[in-house]
Amino acid sequence: MADPTVLWVCPVSNLAGVARHILDTARVGIPGWRLMVTAPEGPLLEGLRALDVTVIPLPIDSTRRAVVALRHTLKQLRPAIAHSHLAKADILLAAAAFGLPVTLVTTEHHIPPDRYMFHPSRVGAATMENIHRARLTRFTAAIAVSESTKRDMMQRWHPRLPVVVKLNGVDRPQSWPTRAAGLRMLSLSRLDVEKNVEMSLHAFARLLPDHPEATFTIAGTGSDGDRLRARARSLGIDHRARFVGFVDAARAMAEHDVLLQPSRSDNFSYALLDAVAQGMGVAASPVGGNPEILPERCIAPFEDVDRLAAIAVTQGLEVGQRPTLSASIPNTREMVAGIAAVYADTGWQNRRGNQS
Numbered sequence: 241m242a243d244p245t246v247l248w249v250c251p252v253s254n255l256a257g258v259a260r261h262i263l264d265t266a267r268v269g270i271p272g273w274r275l276m277v278t279a280p281e282g283p284l285l286e287g288l289r290a291l292d293v294t295v296i297p298l299p300i301d302s303t304r305r306a307v308v309a310l311r312h313t314l315k316q317l318r319p320a321i322a323h324s325h326l327a328k329a330d331i332l333l334a335a336a337a338f339g340l341p342v343t344l345v346t347t348e349h350h351i352p353p354d355r356y357m358f359h360p361s362r363v364g365a366a367t368m369e370n371i372h373r374a375r376l377t378r379f380t381a382a383i384a385v386s387e388s389t390k391r392d393m394m395q396r397w398h399p400r401l402p403v404v405v406k407l408n409g410v411d412r413p414q415s416w417p418t419r420a421a422g423l424r425m426l427s428l429s430r431l432d433v434e435k436n437v438e439m440s441l442h443a444f445a446r447l448l449p450d451h452p453e454a455t456f457t458i459a460g461t462g463s464d465g466d467r468l469r470a471r472a473r474s475l476g477i478d479h480r481a482r483f484v485g486f487v488d489a490a491r492a493m494a495e496h497d498v499l500l501q502p503s504r505s506d507n508f509s510y511a512l513l514d515a516v517a518q519g520m521g522v523a524a525s526p527v528g529g530n531p532e533i534l535p536e537r538c539i540a541p542f543e544d545v546d547r548l549a550a551i552a553v554t555q556g557l558e559v560g561q562r563p564t565l566s567a568s569i570p571n572t573r574e575m576v577a578g579i580a581a582v583y584a585d586t587g588w589q590n591r592r593g594n595q596s
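In terms of the numbering used here, the sequence shown is residues 241 to 596.
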C-alpha cells in the first residue's frame, strides 16, 4: 500500500529558518508519508526539486488567487494531511480546505515577543490574534518549535486544541570540531530592526579598543542595511567591521569564532543551533527559545551592550566556556519522527473515511 500524502504549505521561498526546516525534513523524509510541498517559486522549491520532492508552485500575489490555487491543489492531490507553516499559510489553508476531507496541522515557527512588532496598532494586533484564534478551530493539531513559542500561542491565541512542542533539530558533527581561541565575530541574520544588529555593532565598538585584533563580519541583507553601515562608520569601526551580504552559512561559521545574535525577535534559531554544533562561541539575547539552546553565560540582557561585549570576548578567548548542545535538542531524524508522531495522533484515517 502506498504511503499517504502530506502536503506542506509555505507562503515564502527565501532560504531562511522555515525553508531550512522544510529542506531538512525533505532530506530525511517523514517515515510512513509521501511529502509534497506547495510554495512560491524561488530557492526553496529549487532545493526541493533537487531532492526529488514533488512541488506545486503557489501564487501569492493576491489572497483570493492563492486560496483558489491551494483549494485546487487539495482537490487534485487529495492529501491525507495538509500542514501549514507561517501565519499567511495558516490562514490560506484554513480557507482553502473548508469542507474538504483533509486533516489540518500547523507548525508555529515564530511569534514576536512584542505583539505590536509587525502590527503597530492595538486594533491590528488584536484583529490578527482573533483571526488566528478562529482559524485554529479548523485545525486538528498544532506544533510549536519551542516552549517559548507554545507559551506565546497559549497567551495570545488561547487555542482549544493541544499544542505540542517539537523542537527544531540539528545534526551533530561526526567528531567534535577543534576550535582555537579568537575574536573573529560574526553576525548571520537579516539586516532588519528586529534582529538588533545595531547592538552588536555597539558591543564590537566597546571591545575593540582593548582587542584591536578583533574583526566583525556582518552577513545578510535587509531593509536596515544602509542605516547599519552608517552606524558602523559613526562608531569608527568600519575599518574592522565588514558588511558582506549573502554568504554560505557553514563556511562563514567555520571561519569565525563567535556568533553575535542579540535579536529582539527569534524562535528556536537554526543559526544558534548550527553555531553551537560547530563549536562556536555565542553571545545572544534572552528572547524566544534562546535560553532553551544556550546557557545563561551566553545571554546578555536587552540593551546591556557592556555585557554583550564581555560575553563575546569570553566566548572568543575561553574555548572551554563555549556552549554545547543539550541532549534535549533532537537531531534531524528525531525531529521528523516527532512530526510523524503528531500525524499519527490526528486520527486522519477516520476523517477521510467519513468525508470521502
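For each residue, glycine too, the CB sits at the ideal point set by N, CA and C.
Check                                                                                                                                                                     : Outcome
With burial defined as no fewer than 16 other Cβ atoms inside 10 Å of the residue's Cβ, what is the status of Thr377: buried or exposed?                                  : exposed
Skipping 5 residues on each side, what residues in its chain have a beta carbon closer than 7 Å to that of Asp546?                                                        : Arg446
Given that a residue counts as buried once 16 or more other Cβ atoms are within 10 Å of its Cβ, and exposed if not, what is Arg467?                                       : exposed
With DSSP as the reference, please indicate the residues paired to Thr245 in a beta bridge.                                                                               : Arg274
Would Asp497 pass as a contact of Leu423 if the rule is Cβ separation under 8 Å?                                                                                          : yes
Helix, strand or coil, according to DSSP, for Thr586 in the structure here?                                                                                               : coil
How many Å lie between Ala309 and Asn254 at the Cα?                                                                                                                       : 20 Å
Span of the alpha helix (DSSP H) holding Gly257?                                                                                                                          : 257-268
Kindly provide the ranges of any alpha helix (DSSP H) runs that are 4 or more residues long and lie completely inside the segment 296-347, ordered along the chain.       : 303-317, 327-336
Can you tell me whether DSSP reads Gly521 as helix, strand or coil?                                                                                                       : strand
Excluding the five sequence neighbours on either side, which residues of its own chain have a C-beta within less than 6 Å of the C-beta of Val405, listed in chain order? : Ala384, Glu387, Lys390
Pro473 lies in the alpha helix (DSSP H); which residues open and close that run?                                                                                          : For clarity, residue 473 is Arg in the given sequence; the question names Pro instead. Counting along the chain, the alpha helix (DSSP H) containing Arg473 begins and ends at 465-474.
Would DSSP call Val405 helix, strand or coil?                                                                                                                             : strand
At what residues does the alpha helix (DSSP H) containing Ala489 begin and finish?                                                                                        : 489-494
Could you have a look at Gln561 and say whether DSSP puts it in helix, strand or coil?                                                                                    : helix
With Ser427 and Ala459 assumed to form a contact (beta carbons below 8 Å), what rounded beta-carbon distance in angstroms separates them?                                 : 6 Å
Classify Ser503: buried if its beta carbon has 16 or more other beta carbons within 10 angstroms, exposed otherwise.                                                      : buried
Straight-line CA distance for Pro299 to Glu281?                                                                                                                           : 8 Å
Which parts of the segment 383-455 are runs of the beta strand (DSSP E), unbroken and 3 residues or longer, counting only runs that do not cross its ends?                : 403-405, 424-428
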